[in-house]
Each structure stands twice: as C-alpha cells, then as structure tokens.
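Colleague:
Number of protein chains: 2
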Amino acid sequence: MAYIKSMESAFQIVAEPNRRAILSLLALSQHSVGEIERQLHMPQPAVSKHLRVLREAGFVESMVDAQRRLYRLRPEPFQEMEAWLAQFRRFWSAHIDALERHLDRIDPPKPNHGKTRRRPNRGRDKGETK
Amino acid sequence: MAYIKSMESAFQIVAEPNRRAILSLLALSQHSVGEIERQLHMPQPAVSKHLRVLREAGFVESMVDAQRRLYRLRPEPFQEMEAWLAQFRRFWSAHIDALERHLDRIDPPKPNHGKTRRRPNRGRDKGETK
DNA sequence: CTTTTATATGTCTTGACAGGTATATGCTCA
DNA sequence: TGAGCATATACCTGTCAAGACATATAAAAG
C-alpha cells in the first residue's frame, strides 16, 4: 500500500531490549497495553511507542477490545530472522558437534537422545581473538 | 580504557546492515580486511571499525598473517540469537503449518518434500492489524 | 454530560553511533 | 634503514532514536 515504510531490518527492531521484553511477553499469550505496562514496569507511553514500532515492522498486530487493544505476535519477521541466521547454522552446528564430542569425553556417552545428529568432523579449533 | 563494555545484545550488533554483510561474507570463508573492503565496496576504516565491534561482541576472531589479519566467525553469538528466537519458533511454525494447509487447498497436495514436518494443529487465525 | 479508564501521540532533550578524513602502528622487503 | 602496504585508531560531525513528560483521543461508567 501507500506506506513504503523505510523497511528497516527485523534485527534493528529487535535490537531494543524493551522491545525484546515485550515480544517475549507476547510469546506467552496476547496482552493489553496496560498489562504489558505493569508486567514490565515501564511507562505507558513507552509501551505504546514500542508497540507502534513493532506493529509497523509486522511483529505484532492489535485487536480492539472495548477501550483496550490486545496485542499479539505475527510470524513473518521471526521467519525472516531465522532465514538470515540459516546461513550460519551449518557453521556453528559443527562447533556444537565439537563441543558435544568434548563433553562426551568427560561425561558418559549416553545412548543418543535423538536430538542433534553427530557427524564425523575432525580438527579445526584454536584461535587467537586478542 | 578499562571500561566494562556495556555488553550489548547480539541483536544490537547485527542491527547494522554493513555488519550483517560482513558476517555473511565471513560465513563463506575467512577473509582479510582488504578483501572485505573490496568485496563490499566500503572504506577500510569502516571495515576495521565494524570488525572491532564484531570482535568485541564475540562474532569474529582474527588471526595474524604477516601484515594482514584474517577474520573468521565464532559460533557463540549466533547460538545466543537462536536461543532467543527459539521461544517463538513453536508459535510461528504453527502459522507455517496453517499456510501450508492453505496452499495445499489451492495447489495439489504433492507428496511431502521431506522438508517441514506437518503437525495436526487446529484453529487460531484471523487478525486485524490496522 | 462528566468523569474515569485505556491508549496514542507530540515535543523536547540527550546520548549513541556510523560515516568521513586524517593519522598512527606495525610488518615486509629492498 | 627507509619505503610501501595493511590495518587500526582518533577526532569530528550529523543523524536518529529512546526516554520523560504533557496532552490528545476514545470508549465506558456513573
């Protein structure tokens, strides 16, 4: 439609700690502005403003319930972030495998939990971050 | 110096588009500063600064190779983001299922591609974002 | 209709941060 | 040793966004 909003990345929206708190709260169930306000101990105008940002970025949608507005999550931006993170998953899952092997060496290698698949991955560690 | 860096969230780091570009590039393989500079067409000081931020946030580590520094990814911050996103995954994967069912109704329900698992999930849709 | 409750918006200030440019550091090779 | 390349850092500036506070809108209750 008409509003070609400056289309900032989902990550930019989620960078704000209070917004992350709001999203986490809404992940449990939908909530009204006042409920969010009290649960998170933040001033009401702040809540409304963050909700506006979240709404315009597609993270939440609102339902009118008398004088209140009930907010709940929308999936798209999360999928977008997941999609971006996907390009790194192969990379860091290899590291998880390495960690698992390491832990297995310390702890008894219990019969596979069926969770993470274990792959034959050797070498490559050690790095100086300085 | 000696400032206890304010330990910003990984999302804050990744909010910057150029940094995301750098990370995507490093997801392919390790690179030197100069390579990043040329690949992404950005001034060298900018690259160095972003790399510094990324390094201090644990996204990358550097190896000294003569006069160059080779940068490569570290897994932890990505895992951290994944962990945060996990609380929403159940939520939006339900929406994906709903979308799939919808598409199946329009398009022939082809024999499962083996990608997304389809779960028996009913109800809850419809919302006015306004 | 007035008051109260719930939420949104406007204004102002302040701080953080990215971009640009100049310069410092450090390694290599002649 | 000095020249040249690769990278890091310092400084300045503009922008943008979040916090605080006041106020507007709108529905409900009395």
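These protein sequence lines are chains S and C, in that order.
The C-terminal residue of the first sequence carries number 130 in this note's numbering, and the numbering is unbroken.
The C-terminal residue of the second sequence carries number 1130 in this note's numbering, and the numbering is unbroken.
The beta-carbon is built from N, C-alpha and C at its ideal position, and this holds for glycine as well.
Here the structure is a predicted model, which is why all the values come from computation and not from measurement.
(1) Report yes if the C-beta distance between C:Glu1076 and C:Gly1058 is below 7 Å; otherwise report no.
(2) From C:Arg1020, C:Gln1012 and C:Glu1008, pick the residue whose C-alpha is nearest to that of S:Phe88; which is it?
(3) According to DSSP, is C:Arg1090 part of a helix, a strand, or is it coil?
(4) If we cut at 7 Å on Cβ distances, does C:Phe1011 have a partner in chain S?
(5) When the cut-off is 7 Å and only beta carbons count, does S:Phe78 lie next to chain C?
(6) In or out: C:Leu1134 buried (at least 16 other Cβ within 10 Å) or exposed?
(7) In chain order, what residues of the same chain lie with their CB nearer than 8 Å to the CB of S:Val33, ignoring the 5 residues before and after it?
(8) Would you report the Cα separation of S:Leu54 and S:Ile13, rounded to the nearest angstrom?
(9) Quick one: Cα of C:Glu1056 to Cα of C:Leu1023, how far?
(10) Applying a beta-carbon distance threshold of less than 7 Å, which residues of chain C neighbour S:Ala21?
(11) When we look at the beta-carbon of S:His41 and count the other beta-carbons within 10 Å, is it buried (16 or more) or exposed?
(12) For S:Gln87, return the contacting residues in chain C, with the cut-off set at a CB-CB distance below 7 Å.
(13) Does the separation of the CB atoms of S:Leu61 and S:Ala10 fall below 7 Å?
Modeller: Taking the geometry as given:
(1) In this structure, C:Gly1058 lies closer than 7 Å to C:Glu1076 by Cβ.
(2) C:Arg1020
(3) Assigned with DSSP and collapsed to three states, C:Arg1090 falls in helix.
(4) Judged by the 7 Å Cβ criterion, C:Phe1011 is in contact with chain S.
(5) yes
(6) Absent from the model: residue 1134 of chain C. The displayed extent of chain C is 1001 to 1130, so no value can be given.
(7) Result list for S:Val33: Gln44, Val47, Ser48, Leu51, Arg68, Arg69 and Tyr71, in chain order.
(8) 7 Å
(9) 14 Å
(10) The contacting residues do not exist; S:Ala21 stays about 11 Å from chain C at best.
(11) exposed
(12) Ser1024 and Ala1027
(13) Rather than Leu, the amino acid found at residue 61 of chain S in this sequence is Glu. In this structure, S:Ala10 does not lie closer than 7 Å to S:Glu61 by Cβ.
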